[in-house]
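Trainee:
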Amino acid sequence: MASLPNSYAALRSIGAYVPEKILSNSDLEKMVDTTDEWIYKRTGIKERRIADKNESTSDMGAKAAAIAIERSGIKKEEIDLVICATVTPDYFNMPSTACIISKKLDIINVQAFDISAACSGFVYLLSIAKAFIESGMKKNILLIGAEKFSSIVDYTDRSTCILFGDGAGAAVVSATNDKSEAIIDVHASADGTYADFLVTPAPGSVNPANQKMLDKKLNFVQMKGNETFKLAVKTLTKDVIDILKRNNIKSEDIKHFVPHQANYRIIKAVGDALGMSKEQIVLTVQKYGNTSAASIPMAINDIYESGRLKSGDVMLLDTFGGGLTWASALVPFSPKKG
Ligand SMILES: CC(C)(COP(=O)(O)OP(=O)(O)OC[C@H]1O[C@@H](n2cnc3c(N)ncnc32)[C@H](O)[C@@H]1OP(=O)(O)O)[C@@H](O)C(=O)NCCC(=O)NCCS
Numbered sequence: 002m003a004s005l006p007n008s009y010a011a012l013r014s015i016g017a018y019v020p021e022k023i024l025s026n027s028d029l030e031k032m033v034d035t036t037d038e039w040i041y042k043r044t045g046i047k048e049r050r051i052a053d054k055n056e057s058t059s060d061m062g063a064k065a066a067a068i069a070i071e072r073s074g075i076k077k078e079e080i081d082l083v084i085c086a087t088v089t090p091d092y093f094n095m096p097s098t099a100c101i102i103s104k105k106l107d108i109i110n111v112q113a114f115d116i117s118a119a120c121s122g123f124v125y126l127l128s129i130a131k132a133f134i135e136s137g138m139k140k141n142i143l144l145i146g147a148e149k150f151s152s153i154v155d156y157t158d159r160s161t162c163i164l165f166g167d168g169a170g171a172a173v174v175s176a177t178n179d180k181s182e183a184i185i186d187v188h189a190s191a192d193g194t195y196a197d198f199l200v201t202p203a204p205g206s207v208n209p210a211n212q213k214m215l216d217k218k219l220n221f222v223q224m225k226g227n228e229t230f231k232l233a234v235k236t237l238t239k240d241v242i243d244i245l246k247r248n249n250i251k252s253e254d255i256k257h258f259v260p261h262q263a264n265y266r267i268i269k270a271v272g273d274a275l276g277m278s279k280e281q282i283v284l285t286v287q288k289y290g291n292t293s294a295a296s297i298p299m300a301i302n303d304i305y306e307s308g309r310l311k312s313g314d315v316m317l318l319d320t321f322g323g324g325l326t327w328a329s330a331l332v333p334f335s336p337k338k339g
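Numbering (the working numbering), first residue to last: 2 to 339.
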């Protein structure tokens, strides 16, 4: 028999940071051979945000995190773990972006590290936070998903540059004794068989930085779009059906379905398979594009700031990304009472 957790993990708050600069489909029409109509029809994206050239992933992550901490009602001195999901860290590969964010927020002498799970990063962070809290090792965890994806996009490649944007989202997850506040379940998985579907080939130990690698543009993201699309729909549909079944929860019990914001057609296919109504599905892809690890917390922040996310609302999160990785979670929004 599994032992009882020391305490439960509750999602206390959410925050996000969105860069000011907008890159619209009509801007892209002037940069590559594409049209607003093609992009919107195939992806649902109208525009995306691009960070300033002096703005780093940690700058955006720290801004989102400061908002999440403030909304959590927890003092920053009480945070005992800082974890950041990103594939566009400030530096390849040290120090971690989590360390830099911690310094920017003056949260020092606290464990801090990054994870690399591409677009699944934030839901992977939830699984880590849940495990740390249930084991009794940590009490208040700061989670950040932040990406300056524009730093690894080739703006002459029409098959990728239309998809991605920059931004950051953050959350505080804390220990609670009240089971009704707890993250219900997180399932995260991966299959490296498909590693070449989404890859930035350099710099890394396979292709260390050199002029040849830059000439071949190996520092930019490469994607097998069509193959990724098909696998995403198949994998996500199975994953969300499984997590609902395992927890004996029906689609209609979900207040907000928060899918990874990569492509409207993928979101619609999975939403239809679950029988989700339009009102249940959270959509930000039209205005932010795919912001990778920041996508899910930015979308949750959107419903929070528009007043749609209320205490006790159960969210179904689902995501997939490079690796390939995928993950889903059942998460009630549990702001601190009193
Ligand atoms: C990228 C994506 C929108 C492309 O749509 P698609 O329907 O699969 O299109 P294809 O890649 O098969 O390309 C169809 C045609 O459009 C062309 N095309 C590609 N990008 C284009 C663009 N921006 N504008 C106009 N035409 C474009 C292709 O060259 C191809 O032309 P061809 O038939 O003459 O060869 C889609 O595959 C997708 O969203 N995949 C998932 C990507 C994803 O989510 N990645 C992130 C994972 S976290």
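Quick reminder that beta carbons are idealized off the backbone N, C-alpha and C, glycines included.
Keep in mind it's a predicted model, so treat the numbers as computed, not measured.
Provide the residue(s) that pair with V332 in DSSP beta bridges, ordered along the chain.
Mentor: Taking the first residue of the sequence shown as position 1, residue 332 is located at position 331. According to DSSP, V332 bridges with M316.
Trainee: So who's on the other strand from G146, going by DSSP bridges?
Mentor: For the purposes of this step, residue 146 is taken as the residue at position 145 of the sequence shown. Beta-bridge pairing links G146 to A86 and G170.
Trainee: I'd like to confirm the pairing. Which residues does DSSP put opposite M224 in its beta bridges?
Mentor: The residue you call residue 224 lines up with position 223 of the sequence shown. Its beta-bridge partners are L199.
Trainee: So, for S57: in the same chain, excluding its five sequence neighbours on each side, which residues have a beta-carbon less than 7 Å away from its beta-carbon?
Mentor: As a working note, residue 57 is residue 56 in the sequence shown. Closer than 7 Å at the Cβ level, and outside the excluded window around S57, lie D91 and K149.
Trainee: Let's see if you can read the secondary structure: which residues bound the alpha helix (DSSP H) around I68?
Mentor: Locating residue 68 in the sequence shown gives position 67, counting from the first residue. First-last of the alpha helix (DSSP H) with I68: T58 to S73.
Trainee: Just list the beta strand (DSSP E) runs in the stretch 258-306, keeping only unbroken ones of 3 residues or longer that don't cross its boundaries, in chain order.
Mentor: You should have found no qualifying run.
Trainee: Around the C-beta of K42, are 16 or more other C-beta atoms found within 10 angstroms, so that it is buried, or is it exposed?
Mentor: The residue given as residue 42 occupies position 41 in the sequence shown. Counting Cβ neighbours within 10 Å, K42 comes out exposed, since fewer than 16 surround it.
Trainee: Using beta-carbon positions only, say whether S1 and A52 come within less than 8 Å of one another.
Mentor: Outside the shown range of the chain (2 to 339) lies residue 1, about which nothing can therefore be said.
Trainee: Taking N248 as the reference, give the member of A171, I297, V187 and Y305 with the closest Cα.
Mentor: To locate residue 248, count along the sequence shown from 1; it is residue 247. The residue with the shortest Cα to Cα distance from N248 is V187.
Trainee: Where does F93 sit, in a helix, a strand or coil, going by DSSP?
Mentor: Along the sequence shown, read from residue 1 onward, the residue named residue 93 stands at position 92. Coil at F93, not helix or strand.
Trainee: Hey, K140 and A169: beta-carbon distance below 8 Å or not?
Mentor: The residue given as residue 140 occupies position 139 in the sequence shown. The residue given as residue 169 occupies position 168 in the sequence shown. No, the Cβ-Cβ distance between K140 and A169 is not below 8 Å.
Trainee: Taking 8 Å as the cut-off, decide whether the C-beta atoms of L127 and A171 are in contact.
Mentor: Here the question's residue 127 lines up with position 126 in the sequence shown. Here the question's residue 171 lines up with position 170 in the sequence shown. Not closer than 8 Å, so no.
Trainee: Am I right that N264 and F230 are in contact with their C-beta atoms under 8 Å? What's the rounded C-beta distance?
Mentor: Locating residue 264 in the sequence shown gives position 263, where the first residue counts as 1. Locating residue 230 in the sequence shown gives position 229, where the first residue counts as 1. Yes, N264 and F230 are in contact; Cβ-Cβ is about 7 Å, under 8 Å.
Trainee: Is M299 close to ligand 1? I mean its beta-carbon at under 7 Å from any heavy atom of the ligand.
Mentor: Here residue 299 refers to the residue found at position 298 of the sequence shown. For ligand 1, not one heavy atom lies less than 7 Å from the Cβ of M299.
Trainee: Taking 7 Å as the cut-off, is the C-beta of W39 nearer than that to any heavy atom in ligand 1?
Mentor: The sequence position of residue 39 within the sequence shown is 38, counting from 1. W39 Cβ: within cutoff of ligand 1.
Trainee: To which residues of the same chain is D240 closer than 8 Å at the C-beta, ignoring the five residues directly before and after it?
Mentor: As a position in the sequence shown, residue 240 is number 239, starting the count at 1. H188, S190, D319, W327, A328 and S329.
Trainee: Which of the three DSSP states, helix, strand or coil, is assigned to D115?
Mentor: Within the sequence shown, the letter at position 114 stands for residue 115. The answer is strand: DSSP assigns D115 an E or B state.
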